[in-house]
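Take a look at the structure below.
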Amino acid sequence: MSIFNSIKTRSNIYFVLLITLATAVNLLIIGFSDLETSRLARLTTVILFSLYFIIKKKYYSFWIFSALLFLCIKDVFFQFYEESWGYKLYLIFGTLAYVTIVLERLPKISEISFKPGIVLITSVLVAANTYTLYIIMNMVSYTFHDGIEPILLYLYGASMMLLGVEAIAYNNKYNSSRSLIYTFFAFAFIFSDIAALFAYYFNFEIFYFFDRFLFLCALGMYIHYSLNYESIKEEYFQFNMIDKKL
Numbered sequence: 007m008s009i010f011n012s013i014k015t016r017s018n019i020y021f022v023l024l025i026t027l028a029t030a031v032n033l034l035i036i037g038f039s040d041l042e043t044s045r046l047a048r049l050t051t052v053i054l055f056s057l058y059f060i061i062k063k064k065y066y067s068f069w070i071f072s073a074l075l076f077l078c079i080k081d082v083f084f085q086f087y088e089e090s091w092g093y094k095l096y097l098i099f100g101t102l103a104y105v106t107i108v109l110e111r112l113p114k115i116s117e118i119s120f121k122p123g124i125v126l127i128t129s130v131l132v133a134a135n136t137y138t139l140y141i142i143m144n145m146v147s148y149t150f151h152d153g154i155e156p157i158l159l160y161l162y163g164a165s166m167m168l169l170g171v172e173a174i175a176y177n178n179k180y181n182s183s184r185s186l187i188y189t190f191f192a193f194a195f196i197f198s199d200i201a202a203l204f205a206y207y208f209n210f211e212i213f214y215f216f217d218r219f220l221f222l223c224a225l226g227m228y229i230h231y232s233l234n235y236e237s238i239k240e241e242y243f244q245f246n247m248i249d250k251k252l
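If you count by our numbering, then the sequence shown holds residues 7 to 252, one letter each, in order.
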């Protein structure tokens, strides 16, 4: 089952239309409104997508529900980003959201064997992200209110890198439509955060559009990944068949 086949149901098509509409509205608000309204629109969209998941879910997943809850709380405190307490809580719940997403997949990549190419790509990714985070930290250090904030930002960056590394490992092991969707939304979350940093701290206003587009695509793919129960069965049988052949 390809990624495109996995969305060819009436319910999934409606969800794609919902994502498209929500993204268009958010981008229009970014273009024609102020930062506060833009943040409120993002919070509203996150809550809307989370409610969609709650309504459509067939099974309860502690990890997925917790990740969505943390993302919602993160965006609540995003409304108070300029306040020291708001910034800290934004980073804390953002880190918790990414770590929770990682923990949900962690059992699936146990006893994994990396190919040399995957090890190289992962190493380059970690090195590039570490260097980027170091440069950004030096450039925005003047905005910190105390010594706790840089530590929280480092932890947030580390959780992003962990998510990216796990996505590569997961896709390397299973090479399925589900693992590919996971990789897509993981890196969309990562690049969304990077775009947001450049937009906010370096006044590259065009990056606000990239940030919101990538974030909503990531969130939409995460919801689709969480609700696509057929892909879970498909991945399980495909992996067992490959494992038996090997």
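Heads up, the beta-carbon is just placed ideally off N, CA and C, and yes, glycines get one too. Source: prediction; values computed, not measured.
Can you tell me whether residue i is buried or exposed? The criterion is at least 16 other CB atoms within 10 Å of its CB, across all chains shown.
i	result
F84	buried
I61	exposed
I19	exposed
T149	exposed
I25	buried
I115	buried
Y140	exposed
K250	Note that K250 scores 45 on pLDDT, short of 50, meaning its location in the model is unreliable and no value can be drawn from it.
F68	exposed
Y180	buried
Y264	Since the displayed the chain opens at 7 and closes at 252, residue 264 lies outside it and no answer follows.
DSSP on residue i, reduced to helix/strand/coil?
i	result
K114	helix
H151	coil
E88	coil
E172	helix
F210	coil
N144	helix
S182	coil
N135	helix
N234	coil
Does the beta-carbon distance from residue i to residue j come in below 8 Å?
i	j	result
T43	L222	no
L27	R218	no
N135	M166	yes
F59	T106	no
F195	F204	no
R111	Y176	yes
L220	F197	yes
L225	V52	yes
Y231	Y188	yes
I174	T128	yes
I79	F55	no
G170	A192	yes
L109	L158	no
Determine whether the Cβ of residue i lies closer than 8 Å to any Cβ atom of chain D.
i	result
T189	No chain D is present in this structure, which holds just one protein chain.
Shortest alpha-carbon distance to residue i belongs to which of the options?
i	options	result
A103	L126, Y140, I70	I70
K94	D152, L41, L220	D152
Y207	E88, V31, I25	E88
N234	S183, F215, F216, F213	S183
T50	K63, I142, I35	I35
I229	I154, R45, L57, G37	L57
I212	F38, V125, V132	F38
A47	D81, N181, Y66	D81
A133	L168, E155, S147, P113	L168
Mind pulling the alpha helix (DSSP H) runs of 4 or more residues that sit fully within the stretch 31-97?
Within the stretch 31-97, the complete alpha helix (DSSP H) runs of at least 4 residues fall at 41-62, 68-84.
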